[in-house]
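Going letter by letter, the sequence shown gives residues 3 to 586 in this note's numbering. Here the structure is laid out as structure tokens; the discussion comes afterwards.
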Amino acid sequence: MRSPPLHFVKKAPVWAAGVLAMAAVARLTAQPAAPAAVSTAVAEQPIIELPKFEVTDSRVLPAPEKWRYAAIPGFEVLSSISVRATTRFVKDFFLLQAAINEIMPGFRRSDVAVPSSLILAGGGKGFDRFLPTQREEERYRTNSLFFDDPERGAIVVDFALGELQLEDNTTEEADPYRGFYKEYFRYLIRKQMNGKPPPWFEEGLVQLFASIDVTKKWINFAQVGDGFGGPRTGDFNRLLSQRALMSFPELFADPPVQTGTFWSAQSYAFVHMCLYGRGQKYQKGFITFLSRTGSEAPNERIFKECFGKDYKQMNLELRGYLDFTDYKSMQYTAKKGQALPDAPPFTLRDATEAESGRIVGEVLRMGGHTAAARQALITPYMRGEREAPLLAALGLAERIDGKDDRARKFLEAAAKAGVERPRAYLELARLRFDAVRANPAAPDEKLSAAQVVRALEPLLIARQQRPPMAAVYGLITDVWARASTPPTVEQFAVVIEGVQTFPRNAPLVMQAAMLASLKQFPKEALALAKHGQKIARDRAERSRFELMANAFERDAAPVPAAAASAAPDPAEPKQGESYLPKLP
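So this is what it looks like as structure tokens:
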């Protein structure tokens, strides 16, 4: 029986300011519905022969690692901590998700084919191995890591470290739950914003959201301290009370001039003050500032126009806020007889070697540990594991290493097994496109219909999976540009779908506009060029879109009678001839 909806006594939008700020800097767009299928002939697949490995000594293979595994919506959990601690963590994670659903509906939507990875590391060197190669000096300064690429994310949490060492050689308690909350909200923010926001803003918002305190009966948000006059891990006013503040140019620098605990704390302090402190008098200016700096670098002139204070004056205001933190936190309390739901049933079991090798290997790769990642991935394969997700991960790893022949075999096998991994299909399509482009079968170095079908087949599968990838649509456009026959209206609609899915991706819009012109879709070409003028990232890009739009308009304009009778200028294109070859 479905439980009734939960109602809270105080249903105020505690999160609204943060989400409004995110919207200002991100220009949020809804995830598109699953694309409609486009019919295409499927070439008969040859038998796939996987790469072979000669193993002459069993000692070359490391002993299997012992991990526990759970699959929950949107995540694969791999844990080396105890069953009890893992179960408690997963239940707390479900409780956090229920709280987010209650106060921020839609914020954590997860519609992806590739689950993100969540690794809970226990004692020994469990966490150390995942530290990025460029961050190894931070071993005792962090107990959580976040990795992402256009396809997925990964979070690693250290449950063994007892204290965090700060830059001034002081320490504070290492709370693994707060560390996880911080990286989980970073993951959600980047998914919502379709990219990485300004570092100071992301860090401040992450720290703000990570301060959430949840039980089944109430939810606290934006609270500083423990609510009883005592401190909590991560409180910005305590961390910065005896320290000089950075200047705002230093704070806003991208990439940051300095990072670490105190940069993070000052980012948190500024975001907290602007959204929830000082009677929220800076909230409107803060959101305006984010909106304006989305298209131009932050500077003191913009800052003063938004806040009515220059950098020095606001720095003094922030110092006063640290000394006297007057703010409005929010508490949601469940009505009598109601509470957040219990965690749904989940299965925690021993991980298979294919699961642990794949997850560990891919997270190691994200951290720059190429050799260790390859070892983790290849070991289960050499022991006979042939799961489709492992084959896809191996193919992608070989592709990164430049071993394209081996990559193709792994990716073809994974695709034949129906793996859900859009990047695997994208890379397979790139390999196929390279092969047919090197041996075009149609006149004028163009691709035959069969070659087009072979190159497009993996892309049309990738387009049906989540997350959508701009590179998939870009490669579809490239294939049609080399085709000997133009796409049909239905086939060209897939290219337009890419622009609709990624409306602010200027290179993709440029590709689509040029294809539309070359393949005789003049109205679409003009509309795309004009859209490009609106979303261009700089003056040079805007000028190029403007030049294209002018050329397309001239192509579409009727020829005056007098001009038609005059001798043609050999330097001018003929009526109906594309101006694109003449563009820079």
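Beta carbons: idealized from backbone N, C-alpha and C, even for Gly.
Following the DSSP letters along the chain, one finds glutamate 174 inside the beta strand (DSSP E) bounded by residues 173-175. Contact between tyrosine 189 and phenylalanine 238 fails: their C-beta atoms lie close to 22 Å from each other, not under 8 Å.
Burial check for lysine 193: the Cβ neighbour count within 10 Å reaches 16 or more, so the residue is buried. Distance from the CA of leucine 163 to the CA of leucine 133, rounded to the nearest whole angstrom, comes to 14 Å. Annotated as proximal: serine 146 and proline 178, with beta-carbon spacing under 9 Å. Here lysine 521 is buried: its Cβ has 16 or more other Cβ atoms, across all protein chains shown, within 10 Å. Between the segment 383-402 and the segment 361-369 there are three or more C-beta pairs closer than 8 Å, enough to call the two in contact.
In terms of CA proximity to glutamate 252, Asn317 leads the group Ala100, Thr217, Asn317.
The C-beta distance from proline 524 to phenylalanine 554 rounds to 7 Å, short enough to fall under 8 Å. As DSSP reads the structure, glutamine 167 sits in a beta bridge with Thr173. Under the DSSP assignment, glutamate 139 falls outside any alpha helix (DSSP H); it carries neither an H nor an E label. Looking from the CA of alanine 156, the closest CA among Val438, Ser331, Ile361, Arg546 belongs to Ile361.
CA-CA distance, valine 474 to tryptophan 482, rounds to 13 Å. Boundaries of the alpha helix (DSSP H) around glutamine 377: 372-384. By alpha-carbon distance to isoleucine 221, the top candidate from Asn103, Gly76, Thr290, Pro233 is Asn103.
Residue burial annotation: alanine 558 is exposed, with fewer than 16 other C-beta atoms found within 10 angstroms of its C-beta. Burial is judged here by how many other beta carbons sit within 10 angstroms of a residue's own beta carbon; glutamate 389 has at least 16 and is buried.
Annotation: phenylalanine 250 to glutamate 447 spans about 56 Å, alpha carbon to alpha carbon. For valine 158, the uninterrupted beta strand (DSSP E) segment begins and ends at 155-160. Sorting Ala101, Asp160, Gly108 by C-alpha distance to the C-alpha of leucine 80 places Asp160 at the top. Look at glycine 339 here: in three-state DSSP terms it is coil, with no helix or strand label.
In the three-state reduction of the DSSP assignment, isoleucine 121 falls in the strand class, which pools E and B. When DSSP states are grouped into helix, strand and coil, lysine 193 belongs to the helix group. Going by beta carbons, leucine 242 and phenylalanine 211 fall outside the 9 Å limit. Here the segment 227-235 does not lie against the segment 291-299, with fewer than 3 beta-carbon pairs under 8 Å apart.
Annotated three-state conformation of methionine 512 is helix, per DSSP.
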